[in-house]
Amino acid sequence: MTTNKDFAEIFEEFAQILDLKGDIRFKIVAYENAAQAINDSPRQVVDIYKEGGVKALEKIHGVGGGIASKIEEYIKTGKMKELVELKKDFPEIELEIMKIPSVGPKTARKIYQEFKIKKFSEVEPKLKKDGLKFFHPKTLENILDGIRIMKSFSGRMLLVDAKVYVDELIEYLELDKNAINITAVGSYRRNKETVGDIDLVASSADSEATIEHFAKFNEFKDIIVKGDNKSTALHKSGFTVDILILSAEEFGSLLQHFTGSKEHNVALRTHAQLRGMSVSEHGIKILKTGKTQMFETEEGVYGQLGLKYIDPDLREDRGEIDAALHDKLPKLINLKDIKGDLHAHSKWSDGTATIEEMVASAEKLGYEYIAISDHTVSLGIARGLDEKRFLERRAEIEKVQKKFPKIKILDSCEVNIKPDGSLDLPDELMASFDIVTASVHWSLKQSREDMTNRLISAIENPNIDIVGHPTGRIINEREGYDADWDQVFKACVKNNVALEINAYPNRLDLTDNLVFEARKYGVKFAICTDSHSVEQLNNMCFGVSVARRGWCEKKDILNTQSFDKFAN
DNA sequence: GCCGTTTTCGGCCCGACTGTTTTCAGTCG
1029 MTTNKDFAEI FEEFAQILDL KGDIRFKIVA YENAAQAIND SPRQVVDIYK EGGVKALEKI
1089 HGVGGGIASK IEEYIKTGKM KELVELKKDF PEIELEIMKI PSVGPKTARK IYQEFKIKKF
1149 SEVEPKLKKD GLKFFHPKTL ENILDGIRIM KSFSGRMLLV DAKVYVDELI EYLELDKNAI
1209 NITAVGSYRR NKETVGDIDL VASSADSEAT IEHFAKFNEF KDIIVKGDNK STALHKSGFT
1269 VDILILSAEE FGSLLQHFTG SKEHNVALRT HAQLRGMSVS EHGIKILKTG KTQMFETEEG
1329 VYGQLGLKYI DPDLREDRGE IDAALHDKLP KLINLKDIKG DLHAHSKWSD GTATIEEMVA
1389 SAEKLGYEYI AISDHTVSLG IARGLDEKRF LERRAEIEKV QKKFPKIKIL DSCEVNIKPD
1449 GSLDLPDELM ASFDIVTASV HWSLKQSRED MTNRLISAIE NPNIDIVGHP TGRIINEREG
1509 YDADWDQVFK ACVKNNVALE INAYPNRLDL TDNLVFEARK YGVKFAICTD SHSVEQLNNM
1569 CFGVSVARRG WCEKKDILNT QSFDKFAN
């Protein structure tokens, strides 16, 4: 079956080819928006089409008549005629060339045609040999730089890794006495699960001097752009760093602009236009008078537009502007609301710390409880426990509990959901635990139908409280498995089972967009670290970020409550 | 191609930097 991801990729490709063709920008953007909308839809467009036809598809915001009928065509015939025709004139290789930073459609076409490129690997050697025949030396240098950037950095870094680079950069920039308000913005500030490049903003008494100072950072390999108040550098680790400096009087607008997301800013500026205002990083212009008002804070910017302040985590154009207009924004959960961790491993299975060490660390974090949830028998690689060893472990938990009267140790396990949906511990044993998490650990490539049934079978088992890392994805390593989330969410609500928001930095699973969708159904979540060491207990903040991006309030999260409260 | 406090046409966010542009195109965020 064609999944939403497949359709999103098709329309993304459509947009790229239209870009090469030189079609009007708004049409290209329309295709890109449709791809995004389809990707974010919790329901499969195939199902939507089967139920309500083209009209139902058009209800997806960003999908209109044209794109809906293309989806219909693809479902019926397995192809889109227009795309097939376009591909004849714009081969794959040209799209690949366009992915080079600083190369857009015009340059891509020129490279492809002038050098008669057949494989992407030919681009760099051919440009080096004869590039000067067709390009200005400076332009050629930019393209070759782009290829270097592309080679040295594939994909996006984890939020946890970005944090290390950001801290280093800010520490260095603070050495410049002219600079104030140094802040990391972009997807980093929005707490997105991965960060593509690092964006910084600042104010300065002497912005040229600050740009000079920025450009001298010894972790930079190259300076790509250097203007009076804006610069882009290539970091040794392969990603780029942007900085933009404006006066403190306009810092609120600068912060707002550079935090994004792009989609949020487009929506915000459209909102402003309808009210006779124009928003830029410098301020808000009243169109009638032509006067621009500046703002030192973001609150001022949103306030001028008649909006409540919108947290950066929410700025993804998911309805936050409308919510801010009607004072309906969620009161987002914070790290300090978390009362305990419901998923942690010990040496009994594949953890590196003893139960006592884990409990002592959890107590230091101020938690009321911690669940020790070791793996179960059939996960051999993780030394999963059978019934006998779980009972031995229970005796140890009781012993440790006496030493730590202030924190409740929850006797727990992470039971395996087998491919047929059954669990690998007997029901009576599971019933004796304080809390049980069920997770999928193998056979990840099942069909969507099988995986959906597998998850729902586990959810319907009365001993299950939480489904662990529900999609199984590992960021930058593997895709999550496919399931009919609509059905899974309904089953969770019906059976009072929570979905885990796994805070492990390369899992962050459930993903933020699925959290956002699940919350609409009334699903509850448990934010858990899945710690395998004492240090990893500190990863809770990353799970909280996912919850915030999914619009979660304190009441949506089990472990913002005391154990007695949610256990009953 | 999408969409509607400008609702079936006419607009679609806004600005900075680079190159060779002396008024603008290409690319980016």
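The first sequence begins at 1029 in the numbering used here and counts up by one.
Cβ coordinates follow ideal geometry from the N, Cα and C atoms, glycine included.
Quantities reported herein were computed from a predicted structural model and do not represent experimental measurements.
According to DSSP, residues forming a beta bridge with residue i
| i | result |
| --- | --- |
| residue 1553 | 1527 and 1585 |
| residue 1460 | DSSP, once it has assigned bridges, lists no residue as partnering residue 1460. |
| residue 1238 | Per DSSP, none; premise fails for residue 1238. |
| residue 1263 | 1248 |
| residue 1330 | DSSP lists no partner for residue 1330. |
| residue 1439 | 1400 |
| residue 1225 | Residue 1225 pairs with nothing; no bridge assigned. |
| residue 1313 | 1306 and 1320 |
| residue 1466 | 1443 and 1495 |
| residue 1160 | Bridge partners of residue 1160: none, in fact. |
| residue 1368 | 1397 |
Option in the options with minimal Cα separation from residue i
| i | options | result |
| --- | --- | --- |
| residue 1296 | 1333, 1282 and 1427 | 1333 |
| residue 1350 | 1050, 1361, 1338 and 1359 | 1338 |
| residue 1403 | 1413, 1395 and 1397 | 1413 |
| residue 1522 | 1487, 1501, 1179 and 1158 | 1487 |
| residue 1483 | 1491, 1473, 1466 and 1490 | 1466 |
| residue 1440 | 1043, 1468, 1494 and 1552 | 1494 |
| residue 1252 | 1176, 1280 and 1284 | 1176 |
| residue 1497 | 1442, 1463, 1476 and 1519 | 1442 |
| residue 1584 | 1535, 1129, 1566 and 1525 | 1525 |
| residue 1082 | 1088, 1353, 1097 and 1419 | 1097 |
| residue 1078 | 1092, 1061 and 1100 | 1100 |
| residue 1033 | 1073, 1489, 1451 and 1058 | 1073 |
| residue 1037 | 1064, 1052 and 1051 | 1064 |
| residue 1060 | 1046, 1071, 1070 and 1050 | 1046 |
| residue 1470 | 1452, 1457, 1458 and 1459 | 1452 |
| residue 1509 | 1545, 1468, 1541 and 1489 | 1468 |
| residue 1111 | 1040, 1062, 1127 and 1076 | 1040 |
| residue 1504 | 1144, 1223 and 1117 | 1223 |
| residue 1146 | 1274, 1563, 1204 and 1123 | 1123 |
| residue 1233 | 1193, 1279, 1249 and 1260 | 1279 |
| residue 1391 | 1246, 1057 and 1431 | 1431 |
Where residue i falls: helix, strand or coil (DSSP)
| i | result |
| --- | --- |
| residue 1273 | strand |
| residue 1254 | strand |
| residue 1321 | strand |
| residue 1292 | helix |
| residue 1354 | coil |
| residue 1233 | coil |
| residue 1187 | helix |
| residue 1305 | strand |
| residue 1562 | coil |
| residue 1445 | strand |
| residue 1567 | helix |
| residue 1497 | coil |
| residue 1102 | helix |
| residue 1053 | helix |
| residue 1397 | strand |
| residue 1506 | strand |
| residue 1062 | helix |
| residue 1209 | strand |
| residue 1081 | helix |
| residue 1031 | coil |
| residue 1360 | strand |
| residue 1595 | helix |
Presumed contact (8 angstroms Cβ cut-off) between residue i and residue j, rounded CB distance
| i | j | result |
| --- | --- | --- |
| residue 1604 | residue 1167 | With the chain covering 1029 to 1596 only, the question about residue 1604 has no answer from this structure. |
| residue 997 | residue 1221 | Any property of residue 997 remains undetermined from this structure, which presents the chain solely from 1029 to 1596. |
| residue 1321 | residue 1331 | So it is not a contact: roughly 11 angstroms between Cβ atoms. |
| residue 1463 | residue 1437 | 11 angstroms between Cβ atoms; not a contact. |
| residue 1387 | residue 1435 | 6 angstroms |
| residue 1269 | residue 1228 | 7 angstroms |
| residue 1576 | residue 1341 | 4 angstroms |
| residue 1263 | residue 1345 | About 29 angstroms separates the two Cβ atoms, so there is no contact after all. |
| residue 1230 | residue 1248 | Not quite, the Cβ-Cβ distance comes to about 16 angstroms (not below 8 angstroms), so this is no contact. |
Do three or more CB pairs link the segment 1528-1538 to the segment 1558-1572 at distances below 8 angstroms? The segment 1528-1538 is in contact with the segment 1558-1572.
Just checking, does the segment 1394-1402 make contact with the segment 1351-1368 on the three C-beta pairs under 8 angstroms criterion? yes
Does the structure place the segment 1209-1219 close enough to the segment 1250-1267 that three or more beta carbon pairs sit under 8 angstroms? no
On the three-pair Cβ rule with 8 angstroms, is the segment 1323-1330 touching the segment 1280-1291? yes
State whether the segment 1117-1131 contacts the segment 1154-1171, with contact taken as three or more CB pairs (one from each stretch) at a distance under 8 angstroms. yes
Is it the case that the segment 1147-1166 contacts the segment 1182-1192, given that we only count it when at least three CB pairs across the two stretches are under 8 angstroms? A contact between stretches requires three or more CB pairs, one per stretch, nearer than 8 angstroms, and the segment 1182-1192 fails this requirement with the segment 1147-1166.
Does the segment 1468-1485 come within contact of the segment 1042-1058, defined as at least 3 CB pairs closer than 8 angstroms? no
Spell out a yes or no on whether the segment 1342-1359 and the segment 1446-1453 are touching, meaning 3 or more CB-CB pairs, one atom from each, closer than 8 angstroms. no
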